[in-house]
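Numbering (mature numbering (1 follows the signal peptide of the UniProt record, and there is no 0)), first residue to last: -32 to -1, 1 to 374. Yeah, the Cβ is synthetic: ideal placement off N, Cα and C, and Gly gets one too.
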């Protein structure tokens, strides 16, 4: 389970152990890691008191050094808050839907078993898999995946704001090694310690991990059945209601509507109806109305399972993206009312083409992955400045047409 609220600007503050900027400098490694080595030696007693054997600790920490990339990522803050369309366009698109449908076919026998055992909609699990690791593709990225023990040790020692979190997670990660579910060389995760196909932090792994394939190991890195069943177990234990959806796209009447949770029957009485005109499945379900893009964008009634998805990641946008992507993987046709996007939307392949053409013109150096992040936006703005367009950074058809002319 990922840790996402860690994207705000933080300064890598010096701790009592003596972290200095030398950790980020190439010179003097023998001196730069002296404080870190002292911290590692001192933390051993804490880990042992927490249930980690001294032998496991010594083996895992042998020769370990702080990871400057982790500290860099911990101190990075996005330059702006993404609008709704930006968040959803990067996650719910034709390629993520097509991949999800392909995975649904490929893993159908296991999905049948997982759904029967846990009662969680398979399409929700596939959507989470997409959101967390792009169906496992992220795990192949050496520039993203890092040694979990090293990452958490670095944060525990060198990030004052995350030190408590990291120490707890580090002990849990060491216990994972101790159980033998995975060996140290394959205990890989994000810079903040989220692990495997569906990105669980170590304590959540301990709480929810499942050996679905029956090989004696709870392997969320290499076993898709284990990874998806672990996600299903988390959702079930947090109150997933089998056979029910996460919510509905709706249309709302003009005028002010009351807040708070009401039955769907009560919302209907106020003039709220399903966007495609179909009836609601259960009028007694309690639901909350949400308009994440304002009244001009799509509106939703969220029922209990929406809140359960937030147990995975406590953000409305995340849970909504999971729900919307799951619906499309299941065969749905997407939103009736689109996001308030101030430009003509590109398909996933067109976004890749945009990145490639920007690269050919010397503006972009990243991967042609169709994901429009800060690097792509900066490249678009630079190109827009060059040709005299408004510098908004939008991945628009208008910009792509300009690039195609050159």
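Which residues bound the alpha helix (DSSP H) around residue i?
i           : result
residue 296 : 284 to 297
residue 254 : First-last for residue 254: 254 to 258, but that is the beta strand (DSSP E), not the alpha helix (DSSP H).
residue 349 : 342 to 355
residue 199 : 192 to 205
residue 240 : First-last for residue 240: undefined, no H or E at that position.
residue 309 : Neither: residue 309 is in no alpha helix (DSSP H) and is coded neither H nor E.
residue 248 : First-last for residue 248: undefined, no H or E at that position.
residue 131 : 131 to 147
residue 364 : Looking at the DSSP string, residue 364 is not in any alpha helix (DSSP H), and its letter there is neither H nor E.
residue 301 : From DSSP, residue 301 is part of no alpha helix (DSSP H); its letter is neither H nor E.
residue 326 : 316 to 328
residue 262 : Neither: residue 262 is in no alpha helix (DSSP H) and is coded neither H nor E.
residue 127 : Premise fails: residue 127 is in no alpha helix (DSSP H) and is neither H nor E.
residue 6   : 2 to 17
residue 79  : 76 to 86
Taking 8 Å as the threshold (C-beta atoms), are residue j and residue i in contact?
i           : j           : result
residue 123 : residue 42  : yes
residue 349 : residue 361 : yes
residue 142 : residue 38  : no
residue 247 : residue 285 : no
residue 344 : residue 334 : yes
residue 192 : residue 165 : yes
residue 52  : residue 370 : no
residue 290 : residue 99  : yes
residue 437 : residue 336 : Residue 437 cannot be examined here, being either before or after the span of the chain that is shown, -32 to 374.
residue 294 : residue 80  : no
residue 326 : residue 351 : yes
residue 299 : residue 316 : no
residue 328 : residue 368 : no
residue 237 : residue 217 : no
residue 65  : residue 296 : yes
residue 151 : residue 185 : no
residue 221 : residue 239 : yes
residue 82  : residue 202 : no
residue 32  : residue 135 : no
residue 241 : residue 213 : no
residue 332 : residue 353 : no
residue 86  : residue 160 : no
residue 305 : residue 262 : no
residue 340 : residue 319 : yes
Please check the pair residue i and residue j, which I expect to be a contact at CB under 8 Å, by giving their CB distance rounded to whole angstroms.
i           : j           : result
residue 180 : residue 170 : Residue 180 to residue 170, Cβ: 19 Å. No contact.
residue 267 : residue 277 : Going by Cβ atoms, the distance from residue 267 to residue 277 rounds to 18 Å, so no, they are not a contact pair.
residue 147 : residue 178 : Actually they are not in contact, since the Cβ atoms of residue 147 and residue 178 sit about 14 Å apart, beyond 8 Å.
residue 120 : residue 107 : With 8 Å as the limit, residue 120 and residue 107 do not qualify as a contact, their Cβ atoms being about 18 Å apart.
residue 34  : residue 11  : About 13 Å; that fails the 8 Å criterion.
residue 144 : residue 103 : Not quite, the Cβ-Cβ distance comes to about 23 Å (not below 8 Å), so this is no contact.
Where do the ends of the beta strand (DSSP E) carrying residue i lie?
i           : result
residue 216 : 215 to 219
residue 268 : 267 to 270
* To do: Please specify which runs of the alpha helix (DSSP H), each continuous and at least 4 residues long, are wholly inside the stretch 89 to 119, giving them in chain order.
  => 90 to 101
* contact_flag[the stretch 256 to 263, the stretch 223 to 237] where n(CB pairs < 8 Å) is 3 or more -> yes
* Asked: Looking at C-beta atoms only, is the number of pairs between the stretch 200 to 218 and the stretch 265 to 280 that lie closer than 8 Å three or more?
  -> yes
* To do: Report yes or no: do three or more beta-carbon pairs, one from the stretch 94 to 105 and one from the stretch 60 to 78, lie closer than 8 Å?
  => yes
* Is it a yes or a no for the stretch 124 to 132 touching the stretch 61 to 81, going by three-plus beta-carbon pairs under 8 Å? -> no
* Asked: Hey, is the stretch 104 to 124 in contact with the stretch 152 to 159, meaning 3+ C-beta pairs nearer than 8 Å?
  -> yes
* Output the residue ranges of the alpha helix (DSSP H) runs that lie fully inside the stretch 25 to 74 and measure 4 residues or longer, sorted by chain position. => 36 to 42, 52 to 57 and 62 to 74
* To do: Scan the stretch 158 to 182 and note each continuous alpha helix (DSSP H) run of 4 residues or more that stays entirely inside, going in chain order.
  => 170 to 176
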